[in-house]
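Accompanying notes for the structure given below.
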Amino acid sequence: MMPPRFRMLPPSAAPLGPLDIMSGLRGWRVGGETLETLRQKLRARFDVRHVFFSTSGRAGLSVGLQALRALNPERDEVLLPAFTSFSVPSAVVNAGLKISLYDLHADTLAPDLSSLEKALNSRTLCVVACHLFGYPLDLQSLREMCRACGTHLLDDAAQAMGARINGKLAGTMGDVGLFSLSRGKNMTAVDGGIVLTDRDDVASSLRGMILPKGSDGAAQAMKNLARSLALTFMLHPRAYWLPASLPFLHIGTSIFDPEFETDGLDGFRAGLAGRVLERLDALNAGRRGVSISLLAGLESVSGVRTVRPLPAAEPVFLRLPVLPVSGGWAGGNIFEVPELGVVRSYPLALHQISGVLPHLAGAGRYPVSEMLARNLLTLPTHAFVQETDVNAICDVFRNLSGNPSVLQKEAA
Ligand SMILES: *Cc1c(COP(=O)(O)O)cnc(C)c1O
Numbered sequence: 064m065m066p067p068r069f070r071m072l073p074p075s076a077a078p079l080g081p082l083d084i085m086s087g088l089r090g091w092r093v094g095g096e097t098l099e100t101l102r103q104k105l106r107a108r109f110d111v112r113h114v115f116f117s118t119s120g121r122a123g124l125s126v127g128l129q130a131l132r133a134l135n136p137e138r139d140e141v142l143l144p145a146f147t148s149f150s151v152p153s154a155v156v157n158a159g160l161k162i163s164l165y166d167l168h169a170d171t172l173a174p175d176l177s178s179l180e181k182a183l184n185s186r187t188l189c190v191v192a193c194h195l196f197g198y199p200l201d202l203q204s205l206r207e208m209c210r211a212c213g214t215h216l217l218d219d220a221a222q223a224m225g226a227r228i229n230g231k232l233a234g235t236m237g238d239v240g241l242f243s244l245s246r247g248k249n250m251t252a253v254d255g256g257i258v259l260t261d262r263d264d265v266a267s268s269l270r271g272m273i274l275p276k277g278s279d280g281a282a283q284a285m286k287n288l289a290r291s292l293a294l295t296f297m298l299h300p301r302a303y304w305l306p307a308s309l310p311f312l313h314i315g316t317s318i319f320d321p322e323f324e325t326d327g328l329d330g331f332r333a334g335l336a337g338r339v340l341e342r343l344d345a346l347n348a349g350r351r352g353v354s355i356s357l358l359a360g361l362e363s364v365s366g367v368r369t370v371r372p373l374p375a376a377e378p379v380f381l382r383l384p385v386l387p388v389s390g391g392w393a394g395g396n397i398f399e400v401p402e403l404g405v406v407r408s409y410p411l412a413l414h415q416i417s418g419v420l421p422h423l424a425g426a427g428r429y430p431v432s433e434m435l436a437r438n439l440l441t442l443p444t445h446a447f448v449q450e451t452d453v454n455a456i457c458d459v460f461r462n463l464s465g466n467p468s469v470l471q472k473e474a475a
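Just add 63 to wherever you are in the sequence shown, counting from 1, and you've got my numbering.
Here it is in structure tokens:
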């Protein structure tokens, strides 16, 4: 059956409710104490010594890197996966550092350590590892490799808040950890970043860099209120066509932009985050449920493969990444089915972004990252995805492998 008209699934959604917004308003009124309460909750939940807040994930990443730089001024290169969110290179350039790259494994999206080792040198300040789409990486051996080279490891869990591997939580396996609270992440507070560290030297370096608290002025509060109301009402499949059709919202586009603020978080968003954090496990469990149905449905479809979780991984499935079994999709081109939330992931590997080129420390080849940029599709896993949607999504791929030249969306 086709989905009803005007139904459109957002690619990702962690909707807010009226009670979350009440909690935000309370946080605005109370101010600094709200941040302190959130900090205590996060310290306990992730078992870390120090927690800092920033106005966005990339702001947290930028100040985290600047804090490391202050400890190691002679090192100025940051080693990134060549396939990841454009926020990551944006943050490196914002921090005034150079970018170098490593490739990934095509079957697991884990770092290709031989490619990484080639790029690692005495100027490497930090290696960033990203748990893409909520699939956790085991960073044990990478951490040892970094230690041996005198470099730091930044555990970017912006897409994997709550994921575990071998009992260890994503975000807590490096010298510095990162979560993002922007829309489209595991849990959202409209926008925001969380920086974690167990290291006292990194923490004192960080302390002077982020404002302890963002603006609690009326203008900021109104902006937060308007955006959180939008996240309450606009993510619904019956309403999402509206924001999706407004080009100035840049929904679903990846932008490299190193110019951004590196402020702290305000009371409103800390209040939101505090309440949404209580739901994180439920949000993750919901996405796992949808993912299990999608995986079961796709198992019998010949042309499609899914990313293989590493041993002992407990992914949180922010989105479900799928790839063609052969080098490309049947018919030759990647496609999207926006009504079903089936969308392309990052359209370029980082070395293919023209704005990144002047900031690259060296040249290299990253064929897997290029293949991922060309072919990787993501399927939605959020709470609005129903059984009929799962079936419709699986049918898209079934039709594709049955009949390479036609994507039979409108048949029926
Ligand atoms: C989202 C994201 C970030 C942070 O981005 P913001 O949108 O600024 O919160 C960092 N790294 C990765 C891998 C991400 O997906």
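We put the beta carbon where it would ideally sit given N, CA and C, even for glycine.
Cα-Cα, which of the options is closest to residue i?
{"i": "R246", "options": "S464, L435, A76", "result": "A76"}
{"i": "V431", "options": "G87, A169, L143, S86", "result": "A169"}
{"i": "S125", "options": "G240, V155, K286", "result": "V155"}
{"i": "M434", "options": "G418, G394, L386", "result": "L386"}
{"i": "F380", "options": "M224, R89, D254, F323", "result": "M224"}
{"i": "T118", "options": "D110, P144, F296, F331", "result": "F331"}
{"i": "L335", "options": "L72, A266, S86", "result": "S86"}
{"i": "R89", "options": "L179, A284, P174", "result": "A284"}
{"i": "V253", "options": "K286, V265, D238, G230", "result": "K286"}
{"i": "P300", "options": "H445, T147, Q129", "result": "H445"}
{"i": "L217", "options": "F149, L274, L143", "result": "L143"}
{"i": "D326", "options": "N229, G271, I228", "result": "G271"}
{"i": "M236", "options": "K248, A211, E207, D320", "result": "E207"}
{"i": "R92", "options": "D329, P410, D320", "result": "D329"}
{"i": "E402", "options": "L358, V265, W304, N347", "result": "W304"}
{"i": "E450", "options": "G315, I355, P321", "result": "I355"}
{"i": "T316", "options": "R407, N347, C209, L288", "result": "R407"}
{"i": "R106", "options": "A289, C209, D261, K231", "result": "D261"}
For residue i versus residue j, is the C-beta spacing smaller than 7 Å?
{"i": "G34", "j": "G349", "result": "With the chain running from 64 to 475 in the structure shown, residue 34 is simply not present."}
{"i": "R132", "j": "S153", "result": "no"}
{"i": "I378", "j": "G234", "result": "The amino acid at residue 378 is misidentified as Ile; the sequence shows Pro. No, they are not a contact pair."}
{"i": "L79", "j": "T295", "result": "yes"}
{"i": "L101", "j": "M250", "result": "no"}
{"i": "R138", "j": "R70", "result": "no"}
{"i": "L172", "j": "V367", "result": "no"}
{"i": "A226", "j": "P199", "result": "yes"}
{"i": "S243", "j": "A221", "result": "yes"}
{"i": "A436", "j": "E140", "result": "no"}
{"i": "L373", "j": "D201", "result": "yes"}
{"i": "H422", "j": "K181", "result": "no"}
{"i": "V111", "j": "L259", "result": "yes"}
{"i": "V448", "j": "V353", "result": "yes"}
{"i": "N135", "j": "L179", "result": "no"}
{"i": "T97", "j": "A333", "result": "yes"}
{"i": "I273", "j": "F109", "result": "no"}
{"i": "A375", "j": "N229", "result": "yes"}
{"i": "L269", "j": "A130", "result": "yes"}
{"i": "H113", "j": "A211", "result": "no"}
Whose C-beta lies closer than 7 Å to the C-beta of residue i among residues of the same chain, with five residues either side of it excluded?
{"i": "V405", "result": "E399, L440, L442, I456, V459"}
{"i": "Y429", "result": "A145, L164, D166, A412, H414"}
{"i": "A302", "result": "F296"}
{"i": "E99", "result": "none"}
{"i": "P232", "result": "Per the sequence shown, the amino acid found at residue 232 is Leu instead of Pro. Closer than 7 Å at Cβ, skipping near neighbours: F109."}
Given residue i, which residues of its chain have a CB within under 8 Å of its CB, disregarding the five upstream and five downstream residues?
{"i": "K104", "result": "G337, L340"}
{"i": "G360", "result": "V453, N454, I456, C457"}
{"i": "L82", "result": "R338"}
{"i": "S308", "result": "none"}
{"i": "I416", "result": "F149, P152, F319"}
{"i": "E322", "result": "N157"}
{"i": "L241", "result": "G120, G123, L124, G127, L217, D218, D219, A220, A221, G234, G256, I257, V258, L259"}
According to DSSP, residue i sits in a beta bridge with which residue or residues?
{"i": "R227", "result": "L232, E377"}
{"i": "H194", "result": "Answer is none; H194 lacks a bridge partner."}
{"i": "V141", "result": "I162, C189"}
{"i": "I257", "result": "F116, F242"}
{"i": "H215", "result": "C189"}
{"i": "P174", "result": "L167"}
{"i": "T251", "result": "DSSP lists no partner for T251."}
Who are the Cβ neighbours of residue i in its own chain at under 6 Å, not counting the five residues just before and after it?
{"i": "G95", "result": "K276"}
{"i": "A281", "result": "none"}
{"i": "C193", "result": "P144, T147, D219"}
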